[in-house]
Structure formats: C-alpha cells, structure tokens
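Structure first, commentary second.
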Amino acid sequence: MIPGETVHSPLPWDLPWWMPDHFVFFGVLYAVLGIIGTGLGLAVMKTLWDVCQHKEGHHH
Numbered sequence: 016m017i018p019g020e021t022v023h024s025p026l027p028w029d030l031p032w033w034m035p036d037h038f039v040f041f042g043v044l045y046a047v048l049g050i051i052g053t054g055l056g057l058a059v060m061k062t063l064w065d066v067c068q069h070k071e072g073h074h075h
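Residue numbers (the working numbering): 16 to 75.
Dropping the structure here:
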C-alpha cells in the first residue's frame, strides 16, 4: 500500500496493519464483531437446546 492511499477493502488481508491508526480501528472493530457474533451464536444454540428439551417432554 502506498502512503496516502485509501483502504480498498475492510478484509483482514487487504489492510495495512503496519499503520497504527488502521491497526487500532480495525482491531477493535473485528474484536467487537467477534464478541457480538459469539453472543448471537450462543443465544441461538441455547434457544435450540431449550426447544429440543421442551419437545422431549422435559418441562422447566
């Protein structure tokens, strides 16, 4: 990447990780997206687990 050139893609392999401002911004962005994605995945898994338990006749 030429100094002064803009980011063409937010994909990890297209970013200039050697630039501190890009490193901090995209590092935090990917961390937050990962946490949100993990939380959503866990919520879906727990919902499916509860539905399967309910269908088997195990009422809480």
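Note that beta-carbon positions come from the ideal geometry of N, C-alpha and C, so glycine has one too.
Quick caveat: nothing in here was measured; it's all calculated off a predicted structure.
Residue environment for Leu26: exposed (fewer than 16 other C-beta atoms within 10 angstroms of its C-beta). In the three-state scheme derived from DSSP, where H, G and I count as helix and E and B as strand, Leu44 is classed as helix.
Around the beta carbon of Leu55, fewer than 16 other beta carbons lie within 10 angstroms, which makes this residue exposed. Going by C-alpha positions, Asp29 is about 14 angstroms away from Tyr45.
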